[in-house]
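J.: When we follow the numbering used here, the leftmost residue of the first sequence carries the number 4, and every step to the right adds one. For glycine and all other residues, C-beta sits at the position ideal for the given N, C-alpha and C.
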Amino acid sequence: MQFHISKKSKISNARLGFLETSHGVVQTPCLVPVATQAVVKTLTSEEVLQTKSQILIANTFHLHLKPSVAGRKPGQGGEKILQKAGGIHEFMHWKNPIMTDSGGFQVFSLGFGQDLNVGKIINAKDRMGSDADLKEEIKIGAQPKKLKIRQDGVFFRSPIDGRELFIGPKESIKIQQQIGADIIFAFDECTAPLASHEYTKNSLLKTHEWAKVCLNVHNASAKGSGEPKQALYGIVQGGRYKDLRIESAKFIGSLDFDGFGIGGEFGGDKKTMEEMLKWVVAELPEKKPRHLLGIGHLEDIEKIIKAGVDTFDCTVPTHYARRGVAFTSEGKLNLKQTKFLKKREPLDKGCVCQVCLVYKKDYICHLLKSGEITALRLITFHNLYYFNNYIEEIREKIKRGEI
RNA sequence: GCGGGCGUAGUCCAGCCCGGUUCAAGACGCCUCCCUGUCACGGAGGAGAUCGUGGGUUCAAAUCCCAUCGCCCGCG
Numbered sequence: 004m005q006f007h008i009s010k011k012s013k014i015s016n017a018r019l020g021f022l023e024t025s026h027g028v029v030q031t032p033c034l035v036p037v038a039t040q041a042v043v044k045t046l047t048s049e050e051v052l053q054t055k056s057q058i059l060i061a062n063t064f065h066l067h068l069k070p071s072v073a074g075r076k077p078g079q080g081g082e083k084i085l086q087k088a089g090g091i092h093e094f095m096h097w098k099n100p101i102m103t104d105s106g107g108f109q110v111f112s113l114g115f116g117q118d119l120n121v122g123k124i125i126n127a128k129d130r131m132g133s134d135a136d137l138k139e140e141i142k143i144g145a146q147p148k149k150l151k152i153r154q155d156g157v158f159f160r161s162p163i164d165g166r167e168l169f170i171g172p173k174e175s176i177k178i179q180q181q182i183g184a185d186i187i188f189a190f191d192e193c194t195a196p197l198a199s200h201e202y203t204k205n206s207l208l209k210t211h212e213w214a215k216v217c218l219n220v221h222n223a224s225a226k227g228s229g230e231p232k233q234a235l236y237g238i239v240q241g242g243r244y245k246d247l248r249i250e251s252a253k254f255i256g257s258l259d260f261d262g263f264g265i266g267g268e269f270g271g272d273k274k275t276m277e278e279m280l281k282w283v284v285a286e287l288p289e290k291k292p293r294h295l296l297g298i299g300h301l302e303d304i305e306k307i308i309k310a311g312v313d314t315f316d317c318t319v320p321t322h323y324a325r326r327g328v329a330f331t332s333e334g335k336l337n338l339k340q341t342k343f344l345k346k347r348e349p350l351d352k353g354c355v356c357q358v359c360l361v362y363k364k365d366y367i368c369h370l371l372k373s374g375e376i377t378a379l380r381l382i383t384f385h386n387l388y389y390f391n392n393y394i395e396e397i398r399e400k401i402k403r404g405e406i
C-alpha cells in the first residue's frame with residue numbers, strides 16, 4: 004500500500020490524499036463504512052458501491068467466530084473459510100479496498116463496556132454518574148467479568164456459544180492475514196472511558212508491547228509469501244489523558260507501521276476530542292496515513308478532518324439507519340415518528356441518492372412502523388450516500404483551500 | 001324465553017372467589033430522548049382507564065348484592 008498526500012491545508016491540519024492498494028485507490032479523507040461480519044448490514048456489496056463508499060472495515064474477532072462449522076478444532080476459525088473462498092474480497096464480492104479491525108475493540112466492548120453498560124464515549128454527566136457507585140473508576144489490576152486480560156493477550160468468552168478463546172497480537176495478525184484485507188490493525192486494548200490514569204498507563208504499556216509483536220509477526224510472514232503485502236497500522240491509545248496520548252503517539256509513531264490508528268476515548272465533549280487529536284497527530288509521522296477508529300457523527304467529521312485525520316470508520320450512518328434515523332440537511336430525522344406519514348417528500352431535498360430520487364418519507368415511515376426490513380435498507384443506503392457525499396464536499400473544500 | 005359467561009387505558013387483558021397501605025398491573029400501540037473500531041426487530045423515560053350504566057350494602061367496592069344495557073355461548 005502507498006499513501007500520497009496531494010494537498011496540505013494552509014489553515015488547518017487537513018490534507019487531501021489517496022491510498023493506493025492492490026484493490027484500488029481510496030480518496031482521502033474518507034469514511035470507512037463498517038462491515039463487521041463481511042457485510043454492510045442490510046446492503047449487498049453492489050449497493051454499497053453505489054453509495055460512493057470506497058473502502059470497508061470488517062472485524063477480526065467476529066469473522067474468527069463466524070463463519071463457523073460445528074465441532075471445529077481450535078485454530079480453525081472463520082478465517083479459514085474466508086481464505087478458502089479466496090479472501091474476504093472474493094468472499095463478499097467487494098473488489099475494492101478493505102480493512103480489518105484487530106479485535107482490540109472487543110476487549111473493551113465485551114469487557115468493561117458490557118460490565119459498566121457504557122459506550123466508548125461518555126459525557127461529563129454520565130462520568131460523574133447519577134448513581135455514584137455505578138460509575139466508579141476502573142482501577143489498576145481490575146479485570147472485566149467475562150474476560151481475562153493478560154500480558155500476552157486476552158481470554159474472551161464467545162458471545163455466541165460461551166466457549167473460551169484466546170486472542171493476542173500474534174493470533175490477531177495471523178487471523179487478519181488469512182482474512183486477507185488490504186489494511187490490518189495491530190491488536191490493542193481499547194480502554195474504557197472510566198479507566199483511571201493508572202489503569203490506562205498500565206494498559207498502554209501492554210498495547211505497546213503487543214504492537215511490537217504484531218510488527219514482528221507481520222514482517223516475518225511477509226518475507227516468504229508472494230502475495231501482495233498487507234499494510235499494518237499501529238494503534239495509539241491513552242484514553243482521555245493527554246500525557247498518555249502523547250507518550251503513546253510518540254512510541255507507536257516511532258515504529259515501522261504503514262499507518263496509524265487512533266483508538267479509545269478522547270474525553271466526553273467534542274472540544275476535548277479536537278484538542279487531544281491535535282496532540283496525537285503532532286507526534287505521528289507526517290507522511291503516513293492516520294485512521295481514527297470509531298468516530299464519525301456528522302458534526303464530528305469536519306473537525307476530525309481539520310485535525311489531520313485521513314480515514315475514519317463509524318457505525319453511526321448504518322447503525323442509526325437500523326433505528327430508523329436518517330441524516331439530512333435538516334438534521335437527524337426519526338422516521339418512526341407518525342408525522343412523517345404525512346410527508347410526501349424525499350428524506351433530504353437536495354440528496355440525489357437512488358433512494359431519495361424515488362422513495363418518500365411517508366412510505367419509509369410506513370415500512371418502519373410495519374417492521375419491514377426494506378425500511379432499514381433504504382435508510383442505510385441514504386445515510387451512507389449522504390455521509391460519503393458530505394465528505395466528498397469537504398475534499399472539494401480542501402482542494403479550494405477553504406478548510 | 002330460560003340457563004351460563006363476559007363488559008377495566010387506542011387494542012388485548014391482570015386484579016374480582018379471601019372488599020381497604022395496588023383507586024388499578026402487564027403487553028402491544030402512542031409520545032420524547034439515547035445509541036460513535038455495530039446488537040435490525042434495543043435501552044431509558046412519559047402520556048393514557050376512576051374499572052358498561054344506575055342504585056344498594058359497608059367506615060371503605062373494580063372487587064359483595066339488585067336492576068338495567070350491550071356482546072357471547074348453550075337449551076328452547
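Look up residue 279 in the DSSP assignment and give the residues it is bridged to.
T.: Position 276 of the first sequence, counted from the first residue, corresponds to residue 279. Looking at the DSSP assignment, residue 279 forms no beta bridge with any residue, so it has no partner.
J.: I'd like the span of the beta strand (DSSP E) that includes residue 317, first residue to last.
T.: Residue numbering aside, residue 317 sits at position 314 when the first sequence is read from its first letter. Here the beta strand (DSSP E) through residue 317 covers 314 to 317.
J.: Does DSSP put residue 134 in a helix, in a strand, or in coil?
T.: As a first step, residue 134 must be located in the first sequence, where it is residue number 131. A caution first: residue 134 carries a pLDDT of 45, below 50, which makes its placement in the model unreliable, though a value can still be read off. Here residue 134 sits in coil by DSSP.
J.: Can you tell which of 403, 65, 198 and 200 has the C-alpha that lies nearest to the C-alpha of residue 162?
T.: On the first sequence, residue 162 is found 159 positions in, with the first residue counted as 1. Measuring from the Cα of residue 162, the nearest candidate turns out to be 65.
J.: For the alpha helix (DSSP H) that residue 384 lies in, which residues bound it at each end?
T.: Position 381 of the first sequence, counted from the first residue, corresponds to residue 384. Counting along the chain, the alpha helix (DSSP H) containing residue 384 begins and ends at 376 to 402.
J.: Between residue 238 and residue 266, is the Cβ-Cβ spacing less than 8 Å?
T.: Taking the first residue of the first sequence as 1, we reach residue 238 at position 235. Taking the first residue of the first sequence as 1, we reach residue 266 at position 263. Contact annotation: residue 238 and residue 266 have beta-carbon atoms nearer than 8 Å.
J.: Looking at residue 362 and residue 294, is the spacing between their C-beta atoms short of 8 Å?
T.: Walking along the first sequence from the start, residue 294 turns up at place 291. Walking along the first sequence from the start, residue 362 turns up at place 359. It is not a contact, given that the beta carbons lie outside the stated cut-off.
J.: Check whether the region 320 to 335 touches the region 18 to 28, taking contact to mean three or more Cβ pairs, one atom from each stretch, closer than 8 Å.
T.: no
J.: Are residue 299 and residue 319 closer than 8 Å when you measure CB to CB?
T.: Start at 1 with the first residue of the first sequence, and residue 299 comes out as number 296. Start at 1 with the first residue of the first sequence, and residue 319 comes out as number 316. Contact flag set, yes.
J.: Would you tell me roughly how many angstroms separate the C-alpha atoms of residue 304 and residue 32, rounded to the nearest one?
T.: For this step, residue 304 is matched to residue 301 along the first sequence. For this step, residue 32 is matched to residue 29 along the first sequence. Answer to the nearest angstrom: the Cα atoms are 10 Å apart.
J.: Need the endpoints of the alpha helix (DSSP H) that residue 252 sits in, please.
T.: Mapped onto the first sequence, residue 252 falls at position 249. Segment 245 to 257, the alpha helix (DSSP H) holding residue 252.
J.: Please list, in chain order, all residues of the same chain as residue 369 whose beta carbon is under 7 Å from its beta carbon, the five residues on each side excluded.
T.: By one-based count along the first sequence, residue 369 stands at place 366. Cβ neighbours of residue 369 beyond the five flanking positions: 344.
J.: Beta carbon of residue 256, beta carbon of residue 170: below 8 Å?
T.: The count along the first sequence starts at 1 and reaches residue 256 at position 253. The count along the first sequence starts at 1 and reaches residue 170 at position 167. Not a contact, by the Cβ cut-off of 8 Å.
J.: Once the 5 residues before and after residue 155 are set aside, which same chain residues still bring their CB inside 6 Å of it?
T.: Start at 1 with the first residue of the first sequence, and residue 155 comes out as number 152. Within the same chain, residue 155 has close Cβ partners 171.
J.: If I'm right that residue 17 touches residue 309 with Cβ under 8 Å, what's the distance once you round it to whole angstroms?
T.: As a working note, residue 17 is residue 14 in the first sequence. As a working note, residue 309 is residue 306 in the first sequence. With 8 Å as the limit, residue 17 and residue 309 qualify as a contact, their Cβ atoms being about 5 Å apart.
J.: So the alpha helix (DSSP H) residue 470 belongs to, where does it begin and stop?
T.: Residue 470 cannot be examined here, being either before or after the span of the chain that is shown, 4 to 406.
J.: Kindly indicate which three-state DSSP category residue 26 falls into: helix, strand or coil?
T.: Numbered from 1 along the first sequence, position 23 holds the residue referred to as residue 26. Residue state, collapsed to three classes: coil.
J.: Taking residue 366 as the reference, which of 386, 338, 391 and 355 has the closest Cα?
T.: Here residue 366 corresponds to residue number 363 of the first sequence, with the count starting at 1. Checking every option, the nearest Cα to that of residue 366 belongs to 338.
J.: Whole angstroms are fine: how far does the CA of residue 130 sit from the CA of residue 136?
T.: Here residue 136 corresponds to residue number 133 of the first sequence, with the count starting at 1. Here residue 130 corresponds to residue number 127 of the first sequence, with the count starting at 1. Low local confidence applies: a pLDDT of 39 at residue 136 is under 50, so the model's placement there is unreliable, with the coordinate-based value given in what follows. If you take the alpha carbons of residue 136 and residue 130, they lie about 11 Å apart.
J.: Would you kindly check if the distance between the Cβ of residue 109 and the Cβ of residue 159 is under 8 Å?
T.: Position 156 of the first sequence holds residue 159. Position 106 of the first sequence holds residue 109. Yes, the Cβ-Cβ distance between residue 159 and residue 109 is below 8 Å.
J.: Per DSSP, which one or two residues make a beta bridge with residue 166?
T.: By 1-based counting over the first sequence, the position of residue 166 is 163. Partner(s): none; residue 166 has no beta bridge.
J.: With distances taken from CA atoms, which of 302, 307, 358 and 4 is nearest residue 281?
T.: Locating residue 281 in the first sequence gives position 278, counting from the first residue. Of 302, 307, 358 and 4, the residue nearest in Cα terms is 307.
J.: Is residue 179 buried or exposed, if buried means 16 or more other CB atoms sit within 10 Å of its CB?
T.: Position 176 of the first sequence holds residue 179. When all chains shown are included, residue 179 counts as buried.
J.: Name the DSSP beta bridge partners of residue 328, please?
T.: If you number the first sequence from 1, residue 328 lands on position 325. DSSP, once it has assigned bridges, lists 337 as partnering residue 328.
J.: Check residue 33 in the structure and name its three-state DSSP category.
T.: To locate residue 33, count along the first sequence from 1; it is residue 30. Residue 33: strand per DSSP, three-state reduction.
J.: Measuring CA to CA, which of 113, 346 and 82 is closest to residue 152?
T.: Residue numbering aside, residue 152 sits at position 149 when the first sequence is read from its first letter. Nearest C-alpha to residue 152: 113.
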